[in-house]
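Asker: Here it is, the structure, as structure tokens.
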Amino acid sequence: TQLLEQSPQFLSIQEGENLTVYCNSSSVFSSLQWYRQEPGEGPVLLVTVVTGGEVKKLKRLTFQFGDARKDSSLHITAAQPGDTGLYLCAGAGMDSSYKLIFGSGTRLLVRP
Amino acid sequence: NAGVTQTPKFQVLKTGQSMTLQCAQDMNHEYMSWYRQDPGMGLRLIHYSVGAGITDQGEVPNGYNVSRSTTEDFPLRLLSAAPSQTSVYFCASSYYGGQPQHFGDGTRLSIL
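As you go down the protein sequences, you meet chains S and U in turn.
Numbering-wise, the first sequence is residues 267 to 378 according to this note's numbering.
Numbering-wise, the second sequence is residues 13 to 124 according to this note's numbering.
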């Protein structure tokens, strides 16, 4: 069974601080997706990383896929209250079903 | 463009009752899936479908049935509701498995 461990589970920081969220597994994934979820809504895709070592930037968010495609990180620079939410990573398996396995999520609170 | 539509948004059931959660998408996506979200556990895959007439089990299929008679609809049936099935249920779709998912806004289900 493929598992994705996300850390930390909860993060409360002051506006302007930097933070990093980690997503780790012992399994290899064909791609890794990051989502953000607001209360009462479904998750919304932020980015997909496909190639080992790939780095993608989305404004103040930087996503990295590990060289071995087993882990990923999300770094937020100068966090703002609008970044508050639940961040989920999801890995696509290498088998033919291409099922997505989700991490348990990181709940981020950015205080003004 | 409606995207993924889930109904109802909220439901309260008594133990032993049955019900169907509805999911419809208008993006002509082949892949559809159902997840449940519980506190601290991220999203867990219940059932998924790679196309009309084809369904398969996810991580936590027990107590749930699905069918896929059309590309657009993917209902989830609870045969005999149990308190352990109290959760928020999300339907998602994509063109193919493993691709970024488009999520509905969820059904919040409470079983007494």
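C-beta atoms are modelled at their ideal positions from N, C-alpha and C, and glycine is treated no differently.
Note that the structure is predicted; figures quoted are calculated from it, not measured.
Give me the residue from U:Thr32, U:Asp38, U:Val78 and U:Gly15 with the minimum Cα distance to Arg120 (chain U).
Answerer: Among U:Thr32, U:Asp38, U:Val78 and U:Gly15, the Cα nearest to that of Arg120 (chain U) is on U:Thr32.
Asker: Can you say whether Thr372 (chain S) is buried or exposed, counting buried as having 16 or more other CB atoms within 10 angstroms of its CB?
Answerer: That one is buried.
Asker: Name the residue from S:Cys289, S:Leu270, S:Ser278 and S:Ile279 whose alpha carbon lies nearest to the alpha carbon of Phe329 (chain S).
Answerer: Closest by alpha carbon: S:Cys289.
Asker: Counting only Cβ pairs nearer than 8 Å, list the residues of chain U close to Phe329 (chain S).
Answerer: By Cβ distance, chain U contributes nothing, its closest Cβ being about 13 Å from Phe329 (chain S), past 8 Å.
Asker: Is Ser96 (chain U) helix, strand or coil by DSSP?
Answerer: Three-state result, Ser96 (chain U): helix.
Asker: Does any C-beta atom of chain S lie closer than 8 Å to the C-beta of Leu57 (chain U)?
Answerer: Leu57 (chain U) counts as touching chain S.
Asker: Cα separation between Leu327 (chain S) and Phe22 (chain U)?
Answerer: Their Cα atoms are separated by approximately 34 Å.
Asker: Excluding the 5 residues flanking Leu324 (chain S) on each side, which residues of the same chain have their C-beta closer than 8 Å to its C-beta?
Answerer: These residues qualify, in order along the chain: Leu312 and Val313.
Asker: Relative to the C-alpha of Val316 (chain S), which residue among S:Ser273, S:Leu270, S:Pro274 and S:Ala356 is closest?
Answerer: Of the candidates S:Ser273, S:Leu270, S:Pro274 and S:Ala356, the one whose C-alpha sits nearest the C-alpha of Val316 (chain S) is S:Ala356.
Asker: What number of angstroms, rounded off, separates the C-alpha of Phe102 (chain U) from the C-alpha of Ser370 (chain S)?
Answerer: In a straight line, the C-alpha of Phe102 (chain U) is about 15 Å away from that of Ser370 (chain S).
Asker: Using only CA atoms, which one of U:Gly63, U:Gly65 and U:Gly28 lies nearest to Leu90 (chain U)?
Answerer: That would be U:Gly28, whose Cα lies nearest to the Cα of Leu90 (chain U).
Asker: Quick one: does Pro274 (chain S) have its CB under 8 Å from some CB of chain U?
Answerer: Chain U contact via Cβ: absent.
Asker: When you compare the CB of Pro309 (chain S) with every CB in chain U, is at least one pair closer than 8 Å?
Answerer: Chain U, which has a Cβ nearer than 8 Å to the Cβ of Pro309 (chain S), makes this yes.
Asker: Kindly indicate which residue of U:Ala93, U:Gln111 and U:Pro112 has the alpha-carbon position closest to the one of Val24 (chain U).
Answerer: Closest option to Val24 (chain U), Cα to Cα, is U:Ala93.
Asker: Output needed for Ser105 (chain U): all residues of its chain with C-beta closer than 6 Å, excluding positions within five of it in sequence on either side, in chain order.
Answerer: Only Val16, Gln37, His41, Met44 and His114 meet the Cβ criterion.
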